[in-house]
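Residues 8 to 491 (this note's numbering) make up the sequence shown, in order.
Right, one structure below, let's go through it.
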Amino acid sequence: MNFRAYNHKERLGYSPCDYAFFVDRENYTFHTADLRMEINRTMPVWLDWAIRDNLTCDEAKKAQGYACVSSNSECHKSFNGPGYVCNCSMGYEGNPYVVDGCTDINECERQEYPCRGVCRNTLGSYECKCPSGFHSADPFKEPCNLKFPLGVVIASGAAGCLFIISVVVFVWLLRKEKRKTKEYFQKNGGPTLEKVTKIKLFKKEELMPILRSNNLIGEGGFGEVYKGLLGDEPVAVKKPKNVNLADQFTNEVIIQSRVMHKNIVKLIGCCLEVDIPILAYEFVPKGSLDDILHGSREPLDLDQRLDIAAQSARGLAYLHSDTITTILHGDIKPANILLSDDLVPKISDFGISRMITVDKKYTRNVIGAVSYVDPVYLQSGRLTSKSDVYSFGVVLLELITRKKVTDSNNLLRNFLDAYTKDKRVIELVDSEIATTENMELLHSLAGMIVECLDLNIDQRPEMIDVAENLRAMLKGSRSKTNEI
C-alpha cells in the first residue's frame with residue numbers, strides 16, 4: 008500500500024476533512040453514502056507481517072537478532088513472502104518475541120480442551136483419565152462409566168465391609184485371647200513355675216492339638232489323659248476335667264519337678280496359658296497294671312509279678328524317704344502303676360499327692376479310690392506314709408489273686424479271714440502261680456500283705472522295708488528258678 012500527498016485546498020470550503028481506512032477488499036464495495044462517515048460501522052481488515060530478513064528458520068536461528076527469544080516458542084516460514092514469524096509452542100500462549108513470553112496453558116480450565124474424565128494439567132499439555140473403578144474408550148471425548156454393574160459394585164462393597172469387620176473382630180479377639188492367656192499364666196502360678204528349672208513351660212499351641220477325642224487314652228479322678236507327639240517324642244498329656252481341681256496343679260508340678268526315679272513317671276512340662284492348666288508326661292506304652300491284670304490278662308509268672316511289685320515299692324519308698332520333703336501319693340492302685348514294654352513299673356497320677364514337711368506326720372484332704380484307701384484315714388482324715396503302705400498291700404493282693412478288690416466281692420475280708428484262721432490262702436491265689444514250688448514264697452508274700460493291711464498303722468512296715476523284702480523274695484525266687 009502506498010500513501011501520497013493529496014491537496015484538497017480547493018474543497019476545503021465545503022469539505023474541510025478527508026478520511027481513509029483499511030478494509031478487506033473482498034468485503035467492501037464503495038458507495039457515495041460512505042462519505043457520510045458512519046463512524047459506528049466497522050469493516051473487516053487483515054493484517055499480516057513477518058520478520059523480513061530473507062532468511063529461512065534454520066538460518067535465522069543461527070543469525071544474530073533471532074526474534075523468537077521466548078522459551079517454548081517456534082519459528083515458522085512466512086506465508087506471504089520472505090522471512091519468518093514466531094509462535095508459542097503447542098500448549099503455550101503469549102508473546103514469543105520477548106523473553107519468557109510464552110506461558111503454559113491450563114487446559115483443564117478452558118472449555119476448548121475437552122475432557123470427560125479427570126483432567127490434570129501438565130507443561131505444554133494435559134492428561135485426561137477415568138477415576139478408579141471407571142473406564143472409557145476415549146475419556147477426552149466419551150464419558151467414563153463404571154467398570155462393573157451397580158449390583159456387582161454394591162455386592163463387592165458389602166463384601167469389603169464384611170471383610171473389614173471380620174478383620175477388626177479377629178484382631179479384637181486375638182488381643183482378647185492374648186490378654187486371657189497372660190491372665191491364666193499369672194493365675195496358674197507362672198511367675199513361680201518359671202523358676203523351676205527342670206520343668207518346661209509349653210505354649211498352648213504346642214499342647215492343645217493333642218487334646219482331641221481320638222487321642223484320648225484314659226480318664227481318672229484327676230482328669231483326662233491323651234496320647235500325642237512333641238517333636239518325635241511320644242507324650243501323655245493330662246488335662247484336669249474339673250476347674251475346682253485346678254488348684255492341685257501347682258502342687259503336682261512342684262512335687263514332680265523334684266522327683267527323678269526310674270519307677271516314677273517323668274513330668275516333661277506343663278502349659279499355664281489355659282483356664283485349666285495341663286501337664287505333659289513321658290508316655291508309658293503298655294498301659295496300667297490294672298489293664299494287664301484285669302483287662303488283657305496277659306500271662307504273668309511269679310517272678311514278673313514280684314519284679315513289678317519290688318520296683319513299684321522302690322518308687323514309693325523314694326517318695327517317702329529320699330526326697331527333700333516327704334511325698335505322699337494318696338491314691339496307690341493298679342490303675343496308677345504304668346508299665347513299659349519290658350514291664351518296668353512307673354508310679355503315676357500325682358494329681359492328688361501331698362507334700363508334708365519333716366516336722367509333720369500326716370496331711371488331710373486326699374482323694375483316692377475307696378477300695379484302696381486306708382480305713383484309718385477314712386475315719387480320722389489323717390494321711391501318713393503308712394496310708395500308702397496299706398494301699399500298696401491291696402495292690403499286692405490283686406497281684407497274687409488277679410482279682411479286683413471291690414466293696415462287693417469281699418476279697419480283702421476273705422483273704423484276711425483265711426490267713427488269720429489257718430494261714431491257708433492258696434485257694435484265693437491265681438492258679439497261674441499257685442504251684443507247689445511257689446507255695447512257700449506265696450505264704451511269705453501273703454504274710455507281708457497282712458502286715459501292710461494291719462489296722463494298727465504302727466504295726467505296718469515302712470515302704471522301704473516292703474521294697475527290701477520284695478527284692479529279697481524276688482532274688483530267692485530267681486535263684487530257685489535257676490536251680491530248676
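Ideal Cβ positions, reconstructed from N, Cα and C, are used throughout, including at glycine.
Quiz item: Going along the chain, which residues of its own chain have a beta-carbon closer than 7 Å to the beta-carbon of P89, five neighbours each way excluded?
Solution: Excluding residues within five positions, the ones whose Cβ falls inside 7 Å are R59, N61.
Quiz prompt | Stretch pair the stretch 308-320 + the stretch 464-484: three plus CB contacts closer than 8 Å | solution = Cβ pair count under 8 Å is three or more, so yes.
Quiz item: So is E114 buried or exposed if we call it buried at 16+ other beta carbons inside 10 Å?
Solution: Flag for E114 reads buried.
Quiz item: Out of curiosity, what's the CA-to-CA distance linking A317 and W179?
Solution: A317 and W179 have their C-alpha atoms roughly 57 Å apart.
Practice problem: Tell whether a beta-carbon distance below 7 Å holds between M470 and V396. | Solution: By the CB criterion at 7 Å, M470 and V396 fall inside the cutoff.
Quiz item: How many Å lie between S85 and C122 at the Cα?
Solution: Roughly 34 Å between the two C-alpha positions.
Quiz item: Looking only at its own chain, which residues have a Cβ that is under 6 Å from the Cβ of G124, when we skip the five neighbours before and after it?
Solution: The residues C135, K136, C137, P146, C151, in chain order, have a CB closer than 6 Å to that of G124 in the same chain once the five nearest residues on each side in sequence are set aside.
Quiz item: What are the partner residues of L404, as DSSP defines its beta bridges?
Solution: None; L404 has no bridge partner.
Quiz item: Which residues bound the alpha helix (DSSP H) around E213?
Solution: Element bounds for E213: 211-214.
Practice problem: In the DSSP assignment, find the beta strand (DSSP E) that holds T443 and state where it starts and stops. | Solution: Note, T443: premise wrong, no beta strand (DSSP E); not H, not E.
Quiz item: Would the beta-carbon of D381 fall within 7 Å of that of T408?
Solution: For D381 and T408, no; Cβs fall outside 7 Å.
Quiz item: Just curious, the beta strand (DSSP E) that Y35 is in, first and last residue?
Solution: Looking at the DSSP string, Y35 is not in any beta strand (DSSP E), and its letter there is neither H nor E.
Practice problem: For S347, I'd like the list of residues in its chain whose CB is within less than 8 Å of its CB, leaving aside the five on either flank, ordered along the chain. | Solution: Annotation for S347: V291, P292, K293, K353 place their beta carbon closer than 8 Å to its own, counting only its chain and skipping 5 residues before and after.
Practice problem: Return the Cβ separation of Y99 and D111 in integer angstroms, given the expectation that the two are a contact with Cβ distance under 8 Å. | Solution: In this structure Y99 is in contact with D111, their Cβ atoms being roughly 6 Å apart against a cut-off of 8 Å.
Quiz item: What are the partner residues of R127, as DSSP defines its beta bridges?
Solution: Looking at the DSSP assignment, R127 forms a beta bridge with E134.
Self-check item: Buried or exposed by the 16-neighbour rule on C-beta atoms within 10 Å, applied to C277
Solution: Classification of C277: buried, given that the 10 Å Cβ count is 16 or more.
Quiz prompt | Assigned secondary structure, K367 (DSSP; H/G/I helix, E/B strand, else coil) | solution = Caution applies to K367, whose pLDDT of 49 falls short of 50 and renders its modelled position unreliable; the value that the coordinates give is listed next. Correct three-state label for K367: coil.
Quiz item: Under three-state DSSP, which class holds T188?
Solution: Of the three classes helix, strand and coil, the one that applies to T188 here is helix, per DSSP.
Quiz item: In terms of residues, what are the limits of the alpha helix (DSSP H) holding P198?
Solution: Per DSSP, the unbroken alpha helix (DSSP H) holding P198 starts and ends at 197-200.
Quiz item: For D65, which three-state DSSP category applies?
Solution: Here D65 sits in helix by DSSP.
Quiz item: Is it buried or exposed for D65, if we count other Cβ within 10 angstroms and need 16 for buried?
Solution: D65 comes out exposed.
Quiz prompt | Cutoff 6 Å; reference E305; Cβ partners in own chain excluding five residues on either side | solution = Once the five neighbours on either side are set aside, the close Cβ partners of E305 are I299.
Quiz prompt | Backbone CA spacing between T443 and I433 [nearest angstrom] | solution = Here the alpha carbon of T443 sits roughly 10 Å from the alpha carbon of I433.
Quiz prompt | Those residues which DSSP pairs with H450 across a bridge | solution = Note: H450 sits in no beta bridge, so no partner.
Quiz prompt | Rounded distance between the beta-carbons of V232 and G238, thought under 8 Å | solution = Cβ atoms of G238 and V232 stay farther apart than 8 Å, at about 19 Å.
Exercise. Count the CB pairs spanning the stretch 211-221 and the stretch 257-272 that are closer than 8 Å, and state whether there are at least three.
Key: Contact fails: fewer than three Cβ-Cβ distances are below 8 Å.
Quiz item: When the Cβ atoms of the stretch 279-291 are set against those of the stretch 187-194, are three or more pairs found closer than 8 Å?
Solution: With three or more CB-CB distances shorter than 8 Å, the stretch 279-291 counts as touching the stretch 187-194.
Quiz item: Going straight from the alpha carbon of E475 to that of D356, what length do you get?
Solution: Taking C-alpha positions only, E475 is separated from D356 by approximately 24 Å.
Quiz item: Which class does N421 belong to by DSSP, given the choice of helix, strand or coil?
Solution: Reduced to three states, the DSSP call for N421 is helix.
Quiz item: Looking only at its own chain, which residues have a Cβ that is under 8 Å from the Cβ of Y325, when we skip the five neighbours before and after it?
Solution: Closer than 8 Å at the Cβ level, and outside the excluded window around Y325, lie V266, H268, N270, I271.
Quiz item: In chain order, which beta strand (DSSP E) runs of at least 3 residues are fully inside the stretch 97-181?
Solution: Taking only runs of at least 3 residues, the beta strand (DSSP E) segments lying wholly in the stretch 97-181 are 99-101, 109-111, 125-129, 132-136.
Quiz item: Around the C-beta of H336, are 16 or more other C-beta atoms found within 10 angstroms, so that it is buried, or is it exposed?
Solution: The residue is buried, with at least 16 neighbouring Cβ atoms inside 10 Å.
Quiz item: Under 7 Å, do I464 and V401 count as touching if we go by C-beta distance?
Solution: Not closer than 7 Å, so no.
Exercise. Check each candidate in S132, N128, L153 and name the one with the smallest Cα separation from S139.
Key: When S132, N128, L153 are compared, the shortest CA-CA separation from S139 is found for L153.
Self-check item: Residues that P341 bridges to, as DSSP identifies them
Solution: Bridge partners of P341: none, in fact.
Quiz item: Could you check where the beta strand (DSSP E) with L335 kicks off and where it finishes?
Solution: Here the beta strand (DSSP E) through L335 covers 333-335.
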